[in-house]
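As given, the protein sequences belong to chains A and B, one line each in that order. Start counting the first sequence at 184; every next residue gets the next number (the numbering used here). Start counting the second sequence at 184; every next residue gets the next number (the numbering used here). Heads up: the structure comes next, in structure tokens.
2 protein chains.
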Amino acid sequence: MTVSPPGPALSAPTLDHALGVLHANGLRASSARRLALEALYAAEEPVSAERIAGGLDGRLPPSDLASVYRNLETFERLGLVRHVHLVQGPGLYALAARERDYLVCERCGAIRPLMPGALADVREVVKRRFGLTPRFSHHPLVGLCEDCA
Amino acid sequence: MTVSPPGPALSAPTLDHALGVLHANGLRASSARRLALEALYAAEEPVSAERIAGGLDGRLPPSDLASVYRNLETFERLGLVRHVHLVQGPGLYALAARERDYLVCERCGAIRPLMPGALADVREVVKRRFGLTPRFSHHPLVGLCEDCA
DNA sequence: ATACTTGCAAATGATTTGCCAGTGT
DNA sequence: ACACTGGCAAATCATTTGCAAGTAT
């Protein structure tokens, strides 16, 4: 067990770390996988599989969409990545370390990422009262924003 | 303005009432529309457009799926019907008077309809804190149930 | 060498759209 | 009559699956 190096290691392990996790699980570090991971590290916001396959609009070489989906699923299984359903449009993927809770307006589509913990008490109330633990990072809290209500 | 007759009028207006609303909006009481409404009145639980088109598994004559979707949209516009997205599977439709809030497990798909008001305080907290008014009757509260957590 | 992977095409599921013939009023 | 509707086929969008050819280890 090694000591984490300084830098963004804890909040968002490096690409090398991700490749290490793949290797540790008997999976290969193919160029397509490297590319998908690079895209995820490069993107500031959650991105769709389509945008990853498009090389983030040309910033990176393009790759096959079906493979991107397959690899994203693999990354999720390994705990490296998480995706969120923002109600309209495709699912969006981000590094697990960048996971966030979201609020979405069902009418205008406005998306609002929240600070970690902002919904902690809501989650706790729902869990205690109904035995269901909400994951607003996967299925956001949906409703009408002030402008649309 | 007439006085509501006794009976289930308020909680779930009759089929005749629904047809009256159509008429009052210059829309026709076609047989396809009658059928879709009959299915909605007959169904105990929210139903998919597909099931309505199938005549509720044969209980009623079948009709065209695309038309069912178009008519359900019309009914929603008139406030007669509401649909809910239960995360997996197609949208489910029910008479507006039968609208309910739902809890859904993202893993096993378990669906739990709630008593009216059960989430009133949660909705209120989210509204005050973030300006977003959740509609758990349209997009349920999603998370992990006790068995899956 | 030999699994694991990719890339491409085709299938899937839910819903929408175009269009013309049919029908309620 | 005449606009509103229905029915049917085709299109869309996001995602999945099958499979033969390619490639990391």
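No residue lacks a Cβ here, since even glycine has one placed at the ideal position from N, Cα and C.
Of all Cβ atoms in chain B, is any one closer than 8 Å to the Cβ of residue i?
{"i": "Arg328 (chain A)", "result": "Before going on, a small fix: residue 328 (chain A) reads as Cys here, not Arg. Yes, because at least one Cβ of chain B sits closer than 8 Å to the Cβ of Cys328 (chain A)."}
{"i": "Gly190 (chain A)", "result": "Any reading at Gly190 (chain A) is ruled out, since the residue's pLDDT is 41, under 50, leaving its predicted position unreliable."}
{"i": "Phe258 (chain A)", "result": "no"}
{"i": "Cys291 (chain A)", "result": "no"}
{"i": "His266 (chain A)", "result": "no"}
{"i": "Val308 (chain A)", "result": "yes"}
{"i": "Leu324 (chain A)", "result": "yes"}
{"i": "Val270 (chain A)", "result": "yes"}
{"i": "Ala277 (chain A)", "result": "no"}
Within the same chain, show all residues whose beta-carbon is closer than 7 Å to that of residue i, passing over the 5 residues directly before and after it, in chain order.
{"i": "Pro229 (chain B)", "result": "Val267, Leu275, Tyr276 and Ala277"}
{"i": "Pro245 (chain A)", "result": "Ala236, Gly237 and Gly238"}
{"i": "Val251 (chain B)", "result": "Ala219, Ala232, Ile235 and Ala236"}
Could you pull the DSSP bridge partners for residue i from this structure?
{"i": "Leu294 (chain A)", "result": "In the sequence as presented, Leu is not what sits at residue 294 (chain A); that position holds Ile. Ile294 (chain A) is bridged to A:Val287."}
{"i": "Ala277 (chain A)", "result": "A:Arg265"}
{"i": "Pro317 (chain A)", "result": "B:Gly326"}
Please return the same chain residues whose Cβ sits closer than 8 Å to the Cβ of residue i, not counting the five positions on each side in sequence.
{"i": "Leu255 (chain B)", "result": "Ala219, Ala232, Ile235, Val264, His266 and Tyr276"}
{"i": "Arg211 (chain A)", "result": "Leu205"}
How many Å lie between residue i and residue j at the Cα?
{"i": "Arg253 (chain B)", "j": "Ile294 (chain A)", "result": "28 Å"}
{"i": "Arg260 (chain A)", "j": "Ala279 (chain A)", "result": "11 Å"}
{"i": "Leu324 (chain A)", "j": "Cys331 (chain B)", "result": "20 Å"}
{"i": "Arg242 (chain A)", "j": "Val287 (chain B)", "result": "39 Å"}
{"i": "His321 (chain A)", "j": "Asp284 (chain A)", "result": "8 Å"}
{"i": "Leu315 (chain A)", "j": "Ala207 (chain B)", "result": "43 Å"}
{"i": "Leu327 (chain B)", "j": "Phe313 (chain A)", "result": "11 Å"}
{"i": "Asp240 (chain B)", "j": "Leu269 (chain A)", "result": "33 Å"}
{"i": "Arg318 (chain B)", "j": "Arg290 (chain A)", "result": "11 Å"}
{"i": "Val308 (chain B)", "j": "Pro296 (chain A)", "result": "17 Å"}
{"i": "Leu223 (chain A)", "j": "Ala201 (chain A)", "result": "11 Å"}
{"i": "Leu248 (chain B)", "j": "Arg306 (chain A)", "result": "39 Å"}
{"i": "Glu227 (chain A)", "j": "Gly209 (chain B)", "result": "51 Å"}
{"i": "Glu329 (chain A)", "j": "Gly203 (chain A)", "result": "46 Å"}
{"i": "Asp199 (chain A)", "j": "Ala215 (chain A)", "result": "15 Å"}
{"i": "Gly272 (chain B)", "j": "Pro273 (chain A)", "result": "16 Å"}
{"i": "Arg217 (chain A)", "j": "Phe258 (chain A)", "result": "11 Å"}
{"i": "Met298 (chain A)", "j": "Gly300 (chain B)", "result": "28 Å"}
{"i": "Glu221 (chain A)", "j": "Gly262 (chain A)", "result": "16 Å"}
{"i": "Asp304 (chain A)", "j": "Asp304 (chain B)", "result": "12 Å"}
{"i": "Ser213 (chain A)", "j": "Ala225 (chain B)", "result": "55 Å"}
Examine chain A for any beta-carbon lying closer than 8 Å to the beta-carbon of residue i, and answer yes or no.
{"i": "Ala332 (chain B)", "result": "yes"}
{"i": "Thr316 (chain B)", "result": "yes"}
{"i": "His206 (chain B)", "result": "no"}
{"i": "Leu286 (chain B)", "result": "yes"}
{"i": "His200 (chain B)", "result": "no"}
{"i": "Val230 (chain B)", "result": "no"}
{"i": "Val251 (chain B)", "result": "no"}
Near residue i, which residues of its chain fall below 6 Å by C-beta distance, leaving aside the five closest residues on each side in sequence?
{"i": "Lys310 (chain B)", "result": "Thr316"}
{"i": "Leu302 (chain B)", "result": "Asp284 and Phe319"}
{"i": "Gly292 (chain B)", "result": "Gln271"}
{"i": "Thr197 (chain A)", "result": "none"}
Quick check for students: name the residue ranges of the alpha helix (DSSP H) that lie wholly in the region 190-233 of chain A, counting only runs of 4 or more. Runs of the alpha helix (DSSP H) lying entirely within the region 190-233 of chain A, each at least 4 residues long, are 198-207 and 214-225 in chain order.
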